[in-house]
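Trainee: Okay, here's the structure, questions in a sec.
Protein chains in written order, with this note's numbering: chain A, 54 to 299; chain V, 54 to 299; chain G, 54 to 299.
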């Protein structure tokens, strides 16, 4: 691929992963967007709690489009949590059926989370390994969707869980910021990044092992400014990828 | 149609009507979106005051796309009001010409409103019946686009007009919230739903006969929480349909 | 082209130029949007600082789509500024290479600005003339992207530079409001238009020679209300064109 204006403008090579959260595209919009942002994003999270509203064929078509464009389609964590709730818990049989089905649709990546349901810490490893056995690249997430519950997790605990997930085989651990990016995880109530805490986490876990959910463009900018182009950013909106990658 | 993940996730059947307000799609974006949200939305309002800016062929193409996808294309109320103003009042002849033309474009539904123009209360029935005679399913709206004027309508008056419209043949009556969803109808200035008033209206008119304009996702959620999946929601943004329907 | 509802609704003929800033479309979304807004917008600014992230072929495809739809594709000013920085200044040779390349991609219009870099006032004319010689229609911009620096430019100075640019061959001069439209140029910190200053500028420079960046729909409305349909508006979002043109 030949980048436009490459003889006149030097863009630093993007080194980190960009994970996009995509909820709005039909198959042709997905294809058109993938064409536009070719080579910039890496992972596309395109299911969420309501993925069961998708026509199965349309979802498969989108997944194929993303794979053809070199993007990794990822099952969102909430979907898995809902599936767990609906099928009556993380029983091995139920989960394996679910994973087999998700894999048959074409998903290659899976986000593992317990943002809305309770999973004992010592069960996380089992589940992550089950997902890997089913053929998935696992990105796990530490944090609760409820800001009050999330605030109860100490930095030490967060680090401990992240390390544990990495040991269990997760390729990366996400720090939750939801889609709003405010008052949760390392984002304060105005959506500013709390680098005091983030520095400690990244120092302990490693930049390459951390994905920071930063839905807001200004958050993305400050993160790249602080950690360089190697930072991994998650929950980027499709239309922001060109700016994020800049 | 086979819903994705249906063996793993049970979604309560949607029972109420979802009316989308769509101003941004060309024909292929419309088709792509209709594919994505298949079976979730019901009515698409795709003209507004400025519909006269559409190339006629492009508009017809969009309408055909929506009909093919099982969606009912609706002429917005403001367009009819503007047409009335431009043609010099709700004269029978002018209106019939307008309705015939709108019908020839493929519209099946028509929103009847007097949000910006003055129509005597006792003329509403005549107009609604004329629209029905022209083959339209009529959804009428009670309320003014100007918040100050709208605030002058008492709850009793609102209910009276709604009942009158239903008797005249409207299939449903809309409670105005504009596109902003703030400081108008049953929405307070922060966009919170005033259930005190809404409960009284719905109690008097019936949930099935009421469509609540609720452009904001959090408004939609609180309305479904209070009235269940049978609530009818209007002015939903195209990209929010997947969440609204969840 | 036959406008819809033209027998029933009279829309005042748009007289001024609408310049759209477009960062999100792949080739088919661009085509679909151009179809929808046929004849309403005039100029599309579709590169920005990060245009070097575009696949060259995708960018060329978009430009062709716009030209086929009768829209003039414009190179954004920031891109040129970045190119200048990367190639080591506005040297004649470098700039000519850049202009030749941009022209070969199909761009017909070029925005000349010094919003982020320093260009001596007496060099502006040379550069503008060089762009014209390369075949471009030039729209130049007066103002700084940094609000503090921009505030230091007096109204007199702004007018002087605008007149100078017009004499150098710019077809029009843009008053900067960035994409946010707040606290910059003639927009106050709440995004309200400061007509006190704008009246003085337009009085001195001429309405036809001025393009006012007004990304917000309410700004566009107040500008049209004050100066009529001849006003030239810039940085309009693609999805707002139908309303802007109304």
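Quick reminder that beta carbons are idealized off the backbone N, C-alpha and C, glycines included. From a predicted model like this one, the values you see are computed outputs, not experimental measurements.
Apart from the five residues on each side of it in sequence, which residues of its chain come closer than 7 Å, Cβ to Cβ, to residue 276 (chain V)?
Mentor: Taking the second chain and counting its residues from 1, the one referred to as residue 276 (chain V) is at position 223. Taken in chain order, the residues that qualify are 246, 265, 267, 284 and 286.
Trainee: Within the 9 Å Cβ cut-off, does residue 275 (chain A) reach chain G?
Mentor: Residue numbering aside, residue 275 (chain A) sits at position 222 when the first chain is read from its first letter. So no, residue 275 (chain A) is outside the interface.
Trainee: For residue 213 (chain G) and residue 250 (chain G), I'd like the C-alpha separation in whole angstroms.
Mentor: Position 160 of the third chain, counting from 1, holds the residue named residue 213 (chain G). Position 197 of the third chain, counting from 1, holds the residue named residue 250 (chain G). If I take the Cα positions, the gap works out to 14 Å.
Trainee: Is there a C-beta anywhere in chain V that falls below 9 Å from the one on residue 73 (chain A)?
Mentor: Here residue 73 (chain A) corresponds to residue number 20 of the first chain, with the count starting at 1. No, no contact with chain V.
Trainee: Cβ closer than 8 Å: which chain G residues qualify as neighbours of residue 62 (chain A)?
Mentor: Translated into the one-based positions of the first chain, residue 62 (chain A) becomes position 9. Within chain G, the residues near residue 62 (chain A) are 104, 105, 132, 135, 136 and 139.
Trainee: Go ahead and pull the three-state DSSP assignment for residue 231 (chain A).
Mentor: Reading the first chain from its first residue, position 178 is the one you call residue 231 (chain A). Three-state result, residue 231 (chain A): coil.
Trainee: According to the Cβ coordinates, are residue 289 (chain G) and residue 71 (chain G) closer than 9 Å?
Mentor: Mapped onto the third chain, residue 289 (chain G) falls at position 236. Mapped onto the third chain, residue 71 (chain G) falls at position 18. Against a cut-off of 9 Å, the Cβ pair of residue 71 (chain G) and residue 289 (chain G) comes out as a contact.
Trainee: With a threshold of 9 Å between beta-carbons, can residue 108 (chain A) be considered close to chain V, or not?
Mentor: The residue labelled residue 108 (chain A) in the question sits at position 55 within the first chain. Yes, because at least one Cβ of chain V sits closer than 9 Å to the Cβ of residue 108 (chain A).
Trainee: Under the assumption that residue 208 (chain G) contacts residue 254 (chain G) (Cβ atoms under 8 Å), give the Cβ distance between them as a whole number of angstroms.
Mentor: Stepping through the third chain from its first residue, residue 208 (chain G) is reached at position 155. Stepping through the third chain from its first residue, residue 254 (chain G) is reached at position 201. Going by Cβ atoms, the distance from residue 208 (chain G) to residue 254 (chain G) rounds to 7 Å, so yes, they are a contact pair.
Trainee: Considering only their Cβ atoms, is the gap separating residue 109 (chain A) from residue 59 (chain V) smaller than 9 Å?
Mentor: In the second chain, the residue the question calls residue 59 (chain V) occupies position 6. In the first chain, the residue the question calls residue 109 (chain A) occupies position 56. Yes, the Cβ-Cβ distance between residue 59 (chain V) and residue 109 (chain A) is below 9 Å.
Trainee: Using only the alpha-carbon positions, how far apart do residue 231 (chain V) and residue 146 (chain G) sit?
Mentor: Counted from its first residue, the second chain places residue 231 (chain V) at position 178. Counted from its first residue, the third chain places residue 146 (chain G) at position 93. Going by the C-alpha atoms only, they are around 55 Å apart.
Trainee: Contact criterion: CB-CB distance below 9 Å. Does residue 166 (chain G) meet it with respect to chain A?
Mentor: Along the third chain, one-based indexing puts residue 166 (chain G) at 113. No, residue 166 (chain G) does not count as interfacial toward chain A.
Trainee: According to the neighbour-count rule (16 or more other Cβ atoms, all chains shown, within 10 Å of its Cβ), is residue 123 (chain A) buried or exposed?
Mentor: Sequence index remark: in the first chain, residue 123 (chain A) carries index 70 (1-based). So residue 123 (chain A) counts as exposed.
Trainee: Assign residue 119 (chain V) to buried or exposed, taking buried as 16 or more other Cβ atoms, counted over all protein chains shown, within 10 Å of its Cβ.
Mentor: Stepping through the second chain from its first residue, residue 119 (chain V) is reached at position 66. With 16 or more Cβ atoms within 10 Å of its Cβ, residue 119 (chain V) is classed as buried.
Trainee: What is the residue span of the beta strand (DSSP E) that residue 260 (chain A) lies within?
Mentor: Here the question's residue 260 (chain A) lines up with position 207 in the first chain. Per DSSP, residue 260 (chain A) belongs to no beta strand (DSSP E) and is neither H nor E.
Trainee: Would a check of beta-carbon distances place residue 271 (chain V) closer than 9 Å to chain A?
Mentor: Here residue 271 (chain V) refers to the residue found at position 218 when the second chain is read from its first residue. Not one chain A Cβ lies under 9 Å of residue 271 (chain V).
Trainee: Using a Cβ-Cβ cutoff of less than 8 Å, which residues in the same chain neighbour residue 45 (chain A) once the five nearest sequence positions on both sides are dropped?
Mentor: This structure cannot settle anything about residue 45 (chain A), because the visible part of chain A is limited to 54 through 299.
Trainee: Determine the extent of the alpha helix (DSSP H) in which residue 220 (chain V) is found, giving its start and end residues.
Mentor: For this step, residue 220 (chain V) is matched to residue 167 along the second chain. Counting along the chain, the alpha helix (DSSP H) containing residue 220 (chain V) begins and ends at 208-221.
Trainee: Nearest-angstrom Cα distance between residue 326 (chain V) and residue 161 (chain V)?
Mentor: With chain V covering only 54 through 299, there is no way to say anything about residue 326 (chain V).
Trainee: Scan the region 111-161 of chain V and note each continuous alpha helix (DSSP H) run of 4 residues or more that stays entirely inside, going in chain order.
Mentor: 130-140 and 145-158, all fully within the region 111-161 of chain V.
Trainee: Kindly list, in the order they appear in chain A, the residues whose Cβ is closer than 7 Å to that of residue 76 (chain G).
Mentor: As a working mapping, residue 76 (chain G) is identified with position 23 in the third chain. Within chain A, the residues near residue 76 (chain G) are 295.
Trainee: What residues match up with residue 165 (chain V) in a beta bridge as DSSP calls it?
Mentor: Within the second chain, the letter at position 112 stands for residue 165 (chain V). V:193, per the DSSP bridge assignment.
Trainee: Step through the CB atoms of chain A and report whether any lies within less than 9 Å of the CB of residue 56 (chain V).
Mentor: Numbered from its first residue, the second chain carries residue 56 (chain V) at position 3. Yes, its Cβ sits closer than 9 Å to a Cβ of chain A.
Trainee: Taking the straight line between their C-alpha atoms, what separation do you get for residue 157 (chain V) and residue 95 (chain A)?
Mentor: Stepping through the second chain from its first residue, residue 157 (chain V) is reached at position 104. Stepping through the first chain from its first residue, residue 95 (chain A) is reached at position 42. Their Cα atoms are separated by approximately 47 Å.
Trainee: Rounded to whole angstroms, what's the CA-CA distance from residue 171 (chain A) to residue 281 (chain A)? Just pull it up for me.
Mentor: As a working mapping, residue 171 (chain A) is identified with position 118 in the first chain. As a working mapping, residue 281 (chain A) is identified with position 228 in the first chain. Their backbone Cα atoms lie some 35 Å apart in a straight line.
Trainee: What three-state label does DSSP hand residue 239 (chain G) in the structure shown?
Mentor: Against the third chain, residue 239 (chain G) aligns to sequence position 186. Looking at residue 239 (chain G) - three-state DSSP - the assignment turns out to be coil, as it is neither helix nor strand.
Trainee: Count the other CB atoms, across all protein chains shown, that sit within 10 Å of the CB of residue 173 (chain A); report buried if there are 16 or more and exposed otherwise.
Mentor: The residue given as residue 173 (chain A) occupies position 120 in the first chain. Looking at its Cβ environment, which holds fewer than 16 other Cβ atoms inside 10 Å, residue 173 (chain A) is exposed.
Trainee: Classify residue 63 (chain A): buried if its beta carbon has 16 or more other beta carbons within 10 angstroms, exposed otherwise.
Mentor: As a first step, residue 63 (chain A) is located in the first chain; it is residue number 10 there, counting from the start. Under this definition residue 63 (chain A) is an exposed residue.
Trainee: For residue 259 (chain G), which option in G:164, G:221, G:216 and G:183 has the closest C-alpha, if you only look at C-alpha atoms?
Mentor: Counting from one through the third chain, the residue named residue 259 (chain G) turns up at place 206. Minimum Cα distance to residue 259 (chain G) is reached at G:216.
Trainee: Between the region 75-99 of chain G and chain A, which residues of the former have CB atoms less than 8 Å from a CB of the latter, in chain order?
Mentor: Listed in sequence order: 76, 77, 78, 79, 80, 81 and 82.
Trainee: So residue 168 (chain A) and residue 131 (chain A) are supposed to be a Cβ contact under 8 Å. How far apart are they, rounded?
Mentor: For the purposes of this step, residue 168 (chain A) is identified with residue 115 of the first chain, where counting begins at 1. For the purposes of this step, residue 131 (chain A) is identified with residue 78 of the first chain, where counting begins at 1. So it is a contact: roughly 7 Å between Cβ atoms.
Trainee: Is there at least one Cβ from chain G nearer than 9 Å to residue 151 (chain V)'s Cβ?
Mentor: On the second chain, position 98 is the one that residue 151 (chain V) refers to. Yes - at least one Cβ of chain G is within 9 Å of the one on residue 151 (chain V).
Trainee: Flag this pair as yes or no: are the beta carbons of residue 166 (chain V) and residue 227 (chain V) separated by less than 9 Å?
Mentor: As a first step, residue 166 (chain V) is located in the second chain; it is residue number 113 there, counting from the start. As a first step, residue 227 (chain V) is located in the second chain; it is residue number 174 there, counting from the start. Cβ atoms of residue 166 (chain V) and residue 227 (chain V): closer than 9 Å.
Trainee: Do residue 198 (chain A) and residue 229 (chain A) have their beta-carbon atoms positioned less than 9 Å apart in this structure?
Mentor: Within the first chain, the letter at position 176 stands for residue 229 (chain A). Within the first chain, the letter at position 145 stands for residue 198 (chain A). Contact: yes.
Trainee: Which residues in chain G sit within 9 Å of residue 292 (chain A), going by Cβ to Cβ distance?
Mentor: Sequence index remark: in the first chain, residue 292 (chain A) carries index 239 (1-based). Ordered by position in chain G, the residues that pass the 9 Å Cβ test against residue 292 (chain A) are 76 and 77.
Trainee: Determine, using beta carbons only, whether residue 93 (chain A) and residue 106 (chain G) come nearer to each other than 9 Å.
Mentor: Counted from its first residue, the first chain places residue 93 (chain A) at position 40. Counted from its first residue, the third chain places residue 106 (chain G) at position 53. Contact flag set, yes.
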